[in-house]
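Colleague: Structure incoming, see below.
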Amino acid sequence: MSTLSCTLLQSCLWLTLVATALAAKISPIVIPPSGYWDGDDGQWSSFFVQVGTPGQLLRLLPGTSVEASTIFWVVRSEGCEAVNPTLSNCANARGGIFQHNTSTTWSTQGLANGEDGAIYTLVTVEESKIGLSGNGSYGYDTVSLGVGKSGLPTLNNTLIAEIWTDDFFLGVLPLSPLPFNFTNGFNTPIPSMLGQLRNTSQVPSLSWAYTAGAYYRDSSTNKFGSLTLGGYDASRFVANNVSFSFGSDFTRDLLLKLTSITYNTVSSTPLLTTSVNVYIDSLVTELWLPTSVCDAFAKAFNLTYNSGANRYLLDDKTHNALLASNPTFSFALSNGTQSVTIALPYASFDLNLTAPIVGNTTHTFPIRRGQNESQYVLGRTFLQEAYIIADYEKQKFSVNQAVFPSTSVSQNIVSIDYSTDGQTSSSKSGLSGGAIAGIVIGAVAAILLLVALFFLLRRRRRARRAREIEPQEIASKSMTELDGDKSAIREMDGTTQHKAKVAPGLGAHELGHDPRYELENDNRFEMAHEQRYEMAGQHKYELGSGAPVHELPEGREAAVELPAP
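Take 4 as the starting number for the sequence shown in the numbering used here and just add one per residue.
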């Protein structure tokens with residue numbers, strides 16, 4: 004094969020490989036909101052999942068807590084029948100009840116306590132510091148993201164915790180990349196939802212982006228929550244260039260400095276003047292702040308602390324005054340060298356408590372008294388107006404001002420891609436991988452057409468040259484006169500070898516060995532036999548011998564299984 008044709012074929016093959024790779028580009032997963040507002044301490048945008056076979060449709064709240072939100076939490080029937088027997092419409096209020104006994108794929112194989120699974124204390128390391136805890140009954144089942152035939156992933160044999168405590172009124176859609184680990188009978192880490200998706204190449208990176216949604220925004224806006232796995236929606240926030248490194252304690256990854264809290268009404272004074280470390284956690288509703296800061300809020304807005312409820316409850320007079328003044332609160336956050344300010348209108352603080360927290364609907368101001376930095380938390384109240392992007396490959400996160408575009412504005416999904424050198428990069432969805440692949444395939448087709456034309460012209464040229472050098476036909480009889488009776492002999496003698504002559508200008512052609520084309524070995528996320536998950540960067544998030552395991556603390560026994568109703 005000539006050098007030119009070989010080069011053309013190499014180019015075609017290379018472009019084909021590029022087209023294949025682009026067509027197979029991994030895209031982020033966008034989980035659409037349910038369209039419902041759920042909760043007993045506010046109106047929170049929930050997300051659909053289907054659990055079991057056949058799928059039972061449930062509404063869950065995203066969990067950002069890296070330690071607690073490693074597996075799905077779903078509410079079981081005891082959450083209504085035993086804990087809230089008088090709560091009206093309890094099952095719907097709690098986002099739906101999971102009935103594992105009606106699922107054909109429910110399994111407790113390898114878990115203690117038989118049919119109902121193993122009952123352990125929930126792994127609420129950070130949340131328990133502010134009094135939030137509970138038990139979970141564990142088992143395996145199938146979980147599908149979204150609703151119906153949405154095309155979103157299905158996770159088989161996934162670990163689930165059935166909960167019934169009112170501390171977590173709705174179930175949880177987990178965003179942590181860390182695996183869960185039992186030590187009671189086996190020590191194999193169980194991958195989280197994000198870990199499973201990453202290891203099966205269904206998301207481009209271990210990352211997520213989330214804003215809780217804002218019930219109080221105009222109905223013409225896209226006010227529901229936004230959740231993206233492996234990327235973010237650029238249409239839902241105002242970007243800034245401030246990034247935060249994960250906290251050194253892996254259970255407090257979304258840790259940052261809160262340097263000030265101010266508001267914009269006349270003669271206002273700062274509510275926080277000394278910086279404190281705060282942890283962002285969507286499993287928590289309120290803002291847990293230093294007692295001195297809560298006192299400053301109370302003084303500025305005439306709030307009354309209810310010691311029985313451990314909350315600031317508002318009477319109608321105070322509530323109306325706040326609506327009239329309509330302050331905007333500004334939270335300044337710092338990474339040590341740069342800062343970003345997130346503005347929260349009073350509407351984001353205007354929450355109502357309902358049963359089972361209180362008997363009658365009650366206005367509340369969602370700040371809580373923290374005793375030390377281990378209790379300072381920015382919860383869902385803050386996430387109504389903040390858009391968080393967490394990148395576990397790079398161990399960085401950002402906090403951005405959320406925006407609420409018109410419902411006519413399309414999403415702008417951007418992928419956070421993981422490269423082989425351990426870095427992440429963002430790629431906007433201008434042309435999709437399929438569109439780019441189509442362009443490349445078109446180029447391949449053009450090159451193949453040129454190759455075909457080249458061989459056609461070459462064949463015609465060789466045929467013409469062959470005709471020009473064809474030997475003259477030998478006559479059957481000689482016209483030359485011979486002496487005597489000698490006649491001309493027109494045949495070859497039997498002893499002479501006659502080799503076929505090659506026409507001048509035509510060399511012998513043999514097929515050479517075509518070069519092999521192999522894809523380079525790429526870095527893959529695979530589950531090793533020990534299923535360990537490690538993050539890129541200097542800090543490794545790994546459940547090794549030094550990491551805490553999800554088990555009962557020493558001296559505590561497994562919770563007694565709830566009696567059958």
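Backbone N, C-alpha and C define an ideal beta-carbon position, used for all residues, glycine too. This structure is a prediction, so every number in the text was calculated from the model and none was measured.
(1) For G98, which residues from the same chain have a beta carbon less than 7 Å from its beta carbon, with the 5 sequence-adjacent residues on both sides left out?
(2) Whole-angstrom Cβ separation of T127 and L257, contact assumed at under 8 Å?
(3) Quick one: residues in its chain with C-beta nearer than 7 Å to the C-beta of T268, no 5 flanking neighbours on either side, listed in chain order?
(4) Could you tell me how far apart the beta carbons of L347 and P369 are, in whole angstroms, since I believe they sit closer than 8 Å?
(5) Would you mind giving the Cβ-Cβ distance between T161 and F75, rounded to the nearest angstrom? I have them listed as a contact below 8 Å.
(6) Return the chain-ordered ranges of every alpha helix (DSSP H) run that is complete within the stretch 182-261 and spans a minimum of 4 residues.
(7) Going straight from the alpha carbon of I29 to that of Y308, what length do you get?
(8) Going along the chain, which residues of its own chain have a beta-carbon closer than 6 Å to the beta-carbon of R527, five neighbours each way excluded?
(9) How many angstroms separate the CA atom of F304 from the CA atom of Y349?
(10) In terms of residues, what are the limits of the beta strand (DSSP E) holding H366?
(11) I believe L274 touches Y282 by the beta-carbon criterion, under 8 Å. Please report the beta-carbon distance rounded to the nearest angstrom.
(12) Among residues of its own chain, excluding the 5 on either side of L290, which ones have a beta-carbon nearer than 8 Å to its beta-carbon?
(13) Using only CA atoms, which one of T108, S153, W167 and K152 lies nearest to G137?
(14) Please report the distance separating the alpha-carbon of N92 from that of N280.
(15) Assign F304 to one of three DSSP states: helix, strand, or coil.
(16) What residue range is occupied by the uninterrupted beta strand (DSSP E) comprising A164?
(17) My output table needs one value for N95: the three-state DSSP class, helix, strand or coil.
(18) Find the nearest neighbour of V54 within the set L148, F227 and S223, judged by alpha-carbon distance.
(19) Less than 7 Å separating the beta-carbons of D403 and F240?
(20) With distance defined between alpha-carbon atoms, name the residue in G198, P57, E388 and G228 nearest to F183.
(21) Give the list of continuous alpha helix (DSSP H) stretches no shorter than 4 residues that lie fully inside the stretch 307-357.
(22) Identify, in the order they occur along the chain, each residue of the same chain with its Cβ nearer than 6 Å to the Cβ of A212, setting aside the five sequence neighbours on each side.
(23) Rounded to whole angstroms, what is the Cα-Cα separation between N375 and P293?
(24) Pick from D144, S401 and E129: whose alpha carbon is nearest that of T214?
(25) Let me make sure I understand the geometry here. Which of I163, H103, G113 and D144 has the alpha-carbon closest to that of L125?
(26) Which residues does DSSP list as the beta-bridge partners of Q53?
(27) Suppose only complete runs of 4+ residues qualify. What are the alpha helix (DSSP H) ranges in the stretch 373-427, listed by chain order?
(28) Which first and last residues belong to the alpha helix (DSSP H) in which G38 is found?
(29) What I want to know is whether the C-beta of P273 ends up closer than 6 Å to one or more non-hydrogen atoms of the ligand COA.
(30) On the three-state DSSP scale, how would you describe N104?
(31) How is L362 classed by DSSP in three states: helix, strand or coil?
(32) Which of the three DSSP states is assigned to G174 in this structure?
(33) Taking only three categories from DSSP, how would you classify S140?
(34) From F407, K399 and P65, pick the residue whose C-alpha is nearest to that of E388; which is it?
(35) Could you check the C-alpha separation between S140 and S110 for me, to the nearest Å?
(36) According to DSSP, is I439 part of a helix, a strand, or is it coil?
Modeller: According to the structure data:
(1) Position 95 of the sequence shown, counting from 1, holds the residue named residue 98. So the qualifying residues of the chain are D41, S49, L61, R62, L63, V78, L173 and G174.
(2) Your numbering for residue 127 matches position 124 in the sequence shown. Your numbering for residue 257 matches position 254 in the sequence shown. Contact doesn't hold; Cβ gap of about 16 Å is too wide.
(3) Locating residue 268 in the sequence shown gives position 265, counting from the first residue. Excluding the 5 residues flanking it on each side, T268 has same chain C-beta neighbours closer than 7 Å at S328 and P330, in chain order.
(4) Counting from 1 along the sequence shown, the entry for residue 347 is found at position 344. Counting from 1 along the sequence shown, the entry for residue 369 is found at position 366. The pair is not a contact, with the Cβ atoms about 10 Å apart (cut-off 8 Å).
(5) By 1-based counting over the sequence shown, the position of residue 161 is 158. By 1-based counting over the sequence shown, the position of residue 75 is 72. Going by Cβ atoms, the distance from T161 to F75 rounds to 7 Å, so yes, they are a contact pair.
(6) Fully enclosed alpha helix (DSSP H) runs of 4 or longer: 196-202.
(7) By one-based count along the sequence shown, residue 29 stands at place 26. By one-based count along the sequence shown, residue 308 stands at place 305. Rounded to the nearest whole angstrom, the C-alpha separation of I29 and Y308 is 51 Å.
(8) By one-based count along the sequence shown, residue 527 stands at place 524. A caution first: R527 carries a pLDDT of 40, below 50, which makes its placement in the model too unreliable to give a value.
(9) In the sequence shown, residue 304 corresponds to position 301, counting from 1. In the sequence shown, residue 349 corresponds to position 346, counting from 1. Taking the straight line joining both Cα atoms gives about 11 Å.
(10) By 1-based counting over the sequence shown, the position of residue 366 is 363. For H366, the uninterrupted beta strand (DSSP E) segment begins and ends at T365 to F368.
(11) In the sequence shown, counting from the first residue as 1, residue 274 sits at position 271. In the sequence shown, counting from the first residue as 1, residue 282 sits at position 279. Taking a contact as a CB-CB distance under 8 Å, the pair L274 and Y282 does not count as one, their CB atoms being some 19 Å apart.
(12) Position 287 of the sequence shown, counted from the start, is the residue given in the question as residue 290. Within its own chain, the residues whose Cβ lies closer than 8 Å to the Cβ of L290, once the five positions on either side in sequence are excluded, are P369, I370, R371, V380, L381, G382, T384 and F385, listed in chain order.
(13) In the sequence shown, counting from the first residue as 1, residue 137 sits at position 134. W167 is the residue among T108, S153, W167 and K152 whose C-alpha sits nearest the C-alpha of G137.
(14) As a first step, residue 92 must be located in the sequence shown, where it is residue number 89. As a first step, residue 280 must be located in the sequence shown, where it is residue number 277. Whole-angstrom Cα-Cα distance: 40 Å.
(15) Against the sequence shown, residue 304 aligns to sequence position 301. Shown here, F304 sits in a helix according to DSSP, grouped into three states.
(16) What you label residue 164 is simply residue 161 of the sequence shown in a count that begins at 1. Note, A164: beta strand (DSSP E), T157 to I166.
(17) By 1-based counting over the sequence shown, the position of residue 95 is 92. Three-state DSSP puts N95 in a helix.
(18) The count along the sequence shown starts at 1 and reaches residue 54 at position 51. When only C-alpha atoms are compared, the closest one is L148.
(19) Residue mapping note: residue 403 aligns to position 400 of the sequence shown, counting from 1. Residue mapping note: residue 240 aligns to position 237 of the sequence shown, counting from 1. Note on residue identity: the sequence assigns Asn, not Asp, to residue 403. Taking 7 Å as the Cβ cut-off, N403 and F240 qualify as a contacting pair.
(20) As a working note, residue 183 is residue 180 in the sequence shown. Considering only alpha carbons, the answer is G198.
(21) Listed in chain order, they are 319-328.
(22) Locating residue 212 in the sequence shown gives position 209, counting from the first residue. Listed in chain order, the non-local C-beta contacts of A212 below 6 Å within the same chain comprise T231, Y235 and I392, local neighbours out to five positions each way being set aside.
(23) Sequence index remark: in the sequence shown, residue 375 carries index 372 (1-based). Sequence index remark: in the sequence shown, residue 293 carries index 290 (1-based). Cα-Cα distance, rounded: 7 Å.
(24) For the purposes of this step, residue 214 is identified with residue 211 of the sequence shown, where counting begins at 1. Measuring from the Cα of T214, the nearest candidate turns out to be S401.
(25) Within the sequence shown, residue 125 is the residue found at index 122, counting from 1. If you compare the alpha carbons of I163, H103, G113 and D144 with that of L125, the shortest gap goes to I163.
(26) As a working mapping, residue 53 is identified with position 50 in the sequence shown. DSSP output for Q53 lists L60 and S147 as bridge partner(s).
(27) Entirely contained in the stretch 373-427, the alpha helix (DSSP H) runs reaching 4 residues are, in chain order, 383-386.
(28) Here residue 38 refers to the residue found at position 35 when the sequence shown is read from its first residue. It is not in any alpha helix (DSSP H) - G38 instead sits in the beta strand (DSSP E) that spans P36 to D41.
(29) Annotation note on the ligand COA: not contained in the displayed structure, which lists no ligands.
(30) Mapped onto the sequence shown, residue 104 falls at position 101. DSSP places N104 in helix when its eight states are reduced to three.
(31) Position 359 of the sequence shown, counting from 1, holds the residue named residue 362. Rather than Leu, the amino acid found at residue 362 in this sequence is Gly. The DSSP-derived three-state label of G362 is coil.
(32) The count along the sequence shown starts at 1 and reaches residue 174 at position 171. G174 falls in the strand class under three-state DSSP.
(33) For the purposes of this step, residue 140 is identified with residue 137 of the sequence shown, where counting begins at 1. If DSSP states are grouped into helix, strand and coil, S140 belongs with the strands.
(34) As a working mapping, residue 388 is identified with position 385 in the sequence shown. Taking only the C-alpha atoms, the option nearest E388 is F407.
(35) To locate residue 140, count along the sequence shown from 1; it is residue 137. To locate residue 110, count along the sequence shown from 1; it is residue 107. The C-alpha of S110 is placed about 12 Å away from the C-alpha of S140.
(36) As a position in the sequence shown, residue 439 is number 436, starting the count at 1. Any reading at I439 is ruled out, since the residue's pLDDT is 46, under 50, leaving its predicted position unreliable.
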